[in-house]
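Residue numbers (the numbering used here): 121 to 320. Here's the structure, in structure tokens; my notes come after.
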């Protein structure tokens with residue numbers, strides 16, 4: 121049964137500005153090459169103005185990771201909620217997943233590729249969210265196999281392939297050839313159905 125993710129508490133306006141600036145710098149420079157001082161300077165703030173909201177750079181990365189993974193998971197669960205047919209559910213799950221990573225490419229790039237910079241405790245929390253996303257896709261694939269809608273022989277590898285290529289959109293989007301998130305998401309959904317071995 122697909123569970124709805126809990127919504128993180130909305131940050132204050134000041135904290136939201138810090139998060140937005142951090143996402144930009146982490147995405148452009150990398151987490152390791154960005155300091156809290158850099159983030160503060162980008163907002164014309166002193167480093168001391170950041171500390172009441174985020175005591176460490178890692179706590180800021182965790183807040184960003186929590187929000188990004190929750191948003192991504194919710195995009196998928198909201199998209200599939202109206203549908204029961206596995207083919208419809210997979211199409212809408214992939215469409216939502218890819219479109220979210222394309223539209224939010226800077227945020228997605230940070231939360232997907234800076235995982236190992238989190239503390240062990242925070243890493244485990246984020247992995248739980250990632251597993252919920254994986255499990256959502258797995259449930260759809262298994263239901264499709266059971267109903268005869270899908271013929272894929274290895275659901276685990278199919279789920280891995282679908283989610284991996286979907287999240288990797290954040291690394292390169294947009295390009296001259298692919299600049300429309302919705303069009304790209306529809307194309308990826310078609311490919312996912314082929315990978316699943318759809319029979320409809």
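Ideal Cβ placement from N, Cα and C applies to all residues, glycine included.
Contact between residue 189 and residue 287 does not hold, since the beta-carbon distance rounds to 10 Å and is not under 8 Å. Sequence-distant Cβ neighbours of residue 302 in its own chain, meaning closer than 7 Å and more than five residues away, are 219. Taken through DSSP and simplified to helix, strand or coil, residue 182 comes out as helix. For residue 286, the enclosing alpha helix (DSSP H) stretches over residues 275-287. With a cut-off of 8 Å on Cβ pairs, the segment 251-266 is in contact with the segment 282-297, counting three or more such pairs. Annotation: residue 263 to residue 156 spans about 46 Å, alpha carbon to alpha carbon. Comparing alpha-carbon positions, the option among 136, 165, 209 lying closest to residue 183 turns out to be 136. A residue is called buried when at least 16 other Cβ atoms come within 10 angstroms of its Cβ; residue 154 meets this threshold and is buried. Boundaries of the alpha helix (DSSP H) harbouring residue 310: 301-316, taken from the DSSP string. Beta-bridge partners of residue 270 (DSSP): 318.
Residues 125, 249, 252, 253, 256 of the same chain have their beta carbon placed closer than 8 Å to that of residue 193, with the five preceding and five following residues left out of the count. When C-alpha distances from residue 225 are compared across 300, 293, 306, the shortest belongs to 293.
By the 16-neighbour rule on beta-carbons within 10 angstroms, residue 247 is exposed. For residue 227 against residue 279, the beta-carbon gap comes to about 23 Å, at or over 8 Å, which does not count as contact. By alpha-carbon distance to residue 265, the top candidate from 244, 309, 316 is 316.
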